[in-house]
Every structure is written in structure tokens, then in C-alpha cells.
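Reading through the C-alpha cells given below for one structure.
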Amino acid sequence: MTQEQVATAMDWSLSKLIRIEAGYVSISTNDVKALLLHYQVTDPAEVAELVSLARVARQRTWWSQYRDSVPPAYFSYIGLEAEASGLSFYQSVGMPGLLQTPEYAQAVAKIVIPNFNDPSEAEASVALRIRRQREVLDRANPPTLDVVLDEATLHRQTGGTDVIRGQLRHLIALAENDHITIQVLPFTSPIYTPLGQFVIISFAGAEDPDVVYLESTGLEDVLDQPEAVMSHMQTFAGLRQAALSPTDSLARIAKLAGELD
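Residue numbering for the sequence shown is 4 to 264, as defined by this note's numbering.
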């Protein structure tokens with residue numbers, strides 16, 4: 004069935020169905036039951052499970068308050084990140100949000116938020132980033148983090164000398180955790196990717212396939228197509244292999260931090 008056919012049959016607007024299928028809005032249990040009836044899904048156990056999932060999805064989460072202040076794809080990513088068992092980052096520009104110091108996050112906000120002079124918008128951006136760190140990294144079973152940073156990210160003077168020095172030392176401290184691995188893709192590496200920076204999100208259950216989150220200027224998207232996900236996984240594996248070892252990477256980061264003293 005096409006989306007148009009389903010929307011017509013359900014007497015919904017097409018935009019409502021699109022938003023539900025994209026995960027931008029939750030769905031009521033009554034709407035789930037009606038959809039399942041239309042799709043001829045009648046197995047009682049399956050219906051009960053899907054209705055239960057819809058009920059849970061409508062419960063307010065800690066990130067619900069940010070729904071209207073962030074792009075839909077980013078909002079979806081936060082929800083996926085909260086359930087992830089593994090996160091694989093490739094960063095060609097800047098640091099992953101989960102690894103940023105408050106000072107670095109503040110400096111980034113000045114760059115990426117056009118209306119930074121509006122204190123509420125800037126504060127919300129930084130607060131969300133710090134809240135994500137607390138909710139993801141400090142939970143009982145945090146996800147494994149595999150991070151590949153292009154060496155350029157270590158030299159970019161975001162926020163000035165004091166801020167970037169603090170950020171580099173923060174990376175070293177984070178890497179002391181067994182579940183966090185940081186590698187540096189050196190300038191001398193012949194390997195690069197035209198895919199830009201991305202995050203591969205993995206889940207514990209086999210029934211939840213990996214997805215990819217893309218974030219760059221003018222583009223934020225969540226990819227779940229198997230071919231696209233596999234392409235990014237293969238690219239990430241190549242980048243990890245070309246990067247310095249975790250030990251050598253931390254030595255490189257420490258050296259750069261020391262040169263800023």
C-alpha cells in the first residue's frame with residue numbers, strides 16, 4: 004500500500020501518517036489498533052505487543068521537552084542514542100557531543116547557532132548536550148563508544164587555547180573508561196571518506212538493526228536502509244584500521260595538549 008492509500012483509508016492527513024512512520028510523533032493505542040486492523044494483523048499476541056509499545060512510546064521522556072527546539076532528525080537520534088548498546092563516531096570536524104566539555108559546547112554553540120545572542124536558545128543547546136552526556140555515559144550499562152577523530156579536530160582552536168586544552172585533556176580522562184575507545188586518524192593517513200562525519204548506532208537485540216545518523220551543515224538524517232548502514236560500517240572499519248592505535252592516539256592528544264601550556 005502507498006502512504007496515500009493508507010491515509011485515505013484511515014481518514015487521516017498524509018502528513019500525519021508520514022510523521023508517524025518517520026518517528027517524529029508518537030501514535031495513540033487506538034490508532035495502532037485501527038492500523039493493524041487495516042493491515043490485517045490479527046494475531047492477539049502481536050497486536051498486544053504493538054499496542055504495548057505504542058503505550059510506552061507515548062510516555063514522556065527526559066528529552067521530550069526539547070522536541071520543539073531541535074530538528075526532527077536530531078530529536079529521533081537522541082531517542083535512539085538513549086537505547087543504544089554501542090555508538091561508533093567518525094568526526095572530521097569538532098568533537099562528538101557526548102565527549103564535549105561545557106566550555107567547548109558553549110564555544111560550538113556560538114558557531115552553529117545564528118541567533119546565539121538569544122540566551123535561551125544558546126542555553127538550551129548546551130543544556131541538552133550536557134544532559135545527553137549524563138543520561139548516556141552515567142547510566143548503569145553505558146554503551147560502548149568507539150570514536151575516530153580526524154587529527155584536524157585536535158588542532159582546531161574552538162573557543163581558544165584554554166578551551167581546547169581542557170577539551171583534549173577531557174578526552175584523555177574519558178578514554179580511561181573501558182567502554183570508551185578514542186583513535187586519531189593522522190594527517191599522514193591516505194585514507195579518508197567522502198561520506199562526511201557520522202554515527203553508527205547499534206542495539207543489543209538482534210531484532211533492532213543498526214542505523215546511521217548523519218550530521219553536517221544543512222543535513223541531518225537517520226538512515227536505516229541496510230545498504231547505507233553497511234556502507235558506513237565498512238567505511239568506519241577502514242578508518243579505524245588506518246587510525247593510530249588507542250595508546251598512540253592518546254599520546255598524540257596528550258602531546259598536543261602539552262604544547263598548549
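Where is the CB? At the ideal position from N, CA and C, for every residue including glycine.
If you draw a straight line from the alpha carbon of P74 to that of G100, how long is it in whole angstroms?
In the sequence shown, counting from the first residue as 1, residue 74 sits at position 71. In the sequence shown, counting from the first residue as 1, residue 100 sits at position 97. P74 and G100: Cα-Cα distance of roughly 16 angstroms.
Which residues does DSSP list as the beta-bridge partners of G169?
The sequence position of residue 169 within the sequence shown is 166, counting from 1. DSSP lists no partner for G169.
Could you spell out the range, first to last residue, of the alpha helix (DSSP H) harbouring D34?
One-based indexing of the sequence shown puts residue 34 at position 31. Segment T32 to H41, the alpha helix (DSSP H) holding D34.
Closer than 8 angstroms is the cut-off here; do at least three beta carbon pairs connect the stretch 126-144 with the stretch 56-74?
Yes, since at least three Cβ pairs between the stretch 126-144 and the stretch 56-74 fall closer than 8 angstroms, the two stretches touch.
Going by beta-carbon coordinates alone, are L263 and T164 separated by less than 8 angstroms?
The sequence position of residue 263 within the sequence shown is 260, counting from 1. The sequence position of residue 164 within the sequence shown is 161, counting from 1. Yes.
When DSSP labels each residue in this structure, what does Y93 get in the three-state scheme?
Counting from 1 along the sequence shown, the entry for residue 93 is found at position 90. Strand, per DSSP.
Here's a check: name, in chain order, each residue in its chain whose Cβ is nearer than 6 angstroms to the Cβ of S29, leaving out the five neighbours to either side.
Translated into the one-based positions of the sequence shown, residue 29 becomes position 26. Once the five neighbours on either side are set aside, the close Cβ partners of S29 are A60 and R61.
Quick one: what's got a C-beta closer than 7 angstroms to E106's C-beta in the same chain, skipping five residues either side?
Here residue 106 is taken as the residue at index 103 of the sequence shown, counted from 1. Only G162, V166 and G169 meet the Cβ criterion.
Taking a contact to mean a Cβ-Cβ separation below 8 angstroms, would you say I194 touches L242 in this structure?
What you label residue 194 is simply residue 191 of the sequence shown in a count that begins at 1. What you label residue 242 is simply residue 239 of the sequence shown in a count that begins at 1. A contact, by the Cβ cut-off of 8 angstroms.
Cα separation between T147 and M4?
In the sequence shown, the residue the question calls residue 147 occupies position 144. In the sequence shown, the residue the question calls residue 4 occupies position 1. So the two alpha carbons sit approximately 39 angstroms from each other.
Step through the CB atoms of chain B and report whether any lies within less than 8 angstroms of the CB of V187.
The structure shown contains no chain B; it is built from a single protein chain.
Considering only residues of the same chain and omitting the five flanking positions on each side of L20, which have a CB-CB separation below 8 angstroms?
Here residue 20 refers to the residue found at position 17 when the sequence shown is read from its first residue. Result list for L20: Q6, V9, A10 and M13, in chain order.
For P197 and E154, which I take to be in contact (beta-carbon distance under 8 angstroms), what is that distance rounded to the nearest angstrom?
Here the question's residue 197 lines up with position 194 in the sequence shown. Here the question's residue 154 lines up with position 151 in the sequence shown. Not a contact, Cβ separation roughly 18 angstroms.
Jot down the residue ranges of each uninterrupted alpha helix (DSSP H) in the stretch 156-219, minimum 4 residues, whole runs only, in chain order.
164-177, all fully within the stretch 156-219.
Tell me the DSSP secondary structure of T104 in three-state form.
Here residue 104 refers to the residue found at position 101 when the sequence shown is read from its first residue. T104 falls in the coil class under three-state DSSP.
I want to check one thing, is the minimum distance from the CB of V151 to the heavy atoms of the ligand FAD below 7 angstroms?
Here there are no bound small molecules, and the ligand FAD is not part of this structure.
When burial is assigned at 16 or more other CB atoms within 10 Å of the CB, is G261 buried or exposed?
Here residue 261 refers to the residue found at position 258 of the sequence shown. Under this definition G261 is an exposed residue.
Let's test the definition: count the other Cβ atoms within 10 Å of the Cβ of R135 and tell me whether it reaches 16, buried, or not, exposed.
As a first step, residue 135 is located in the sequence shown; it is residue number 132 there, counting from the start. It counts as buried.
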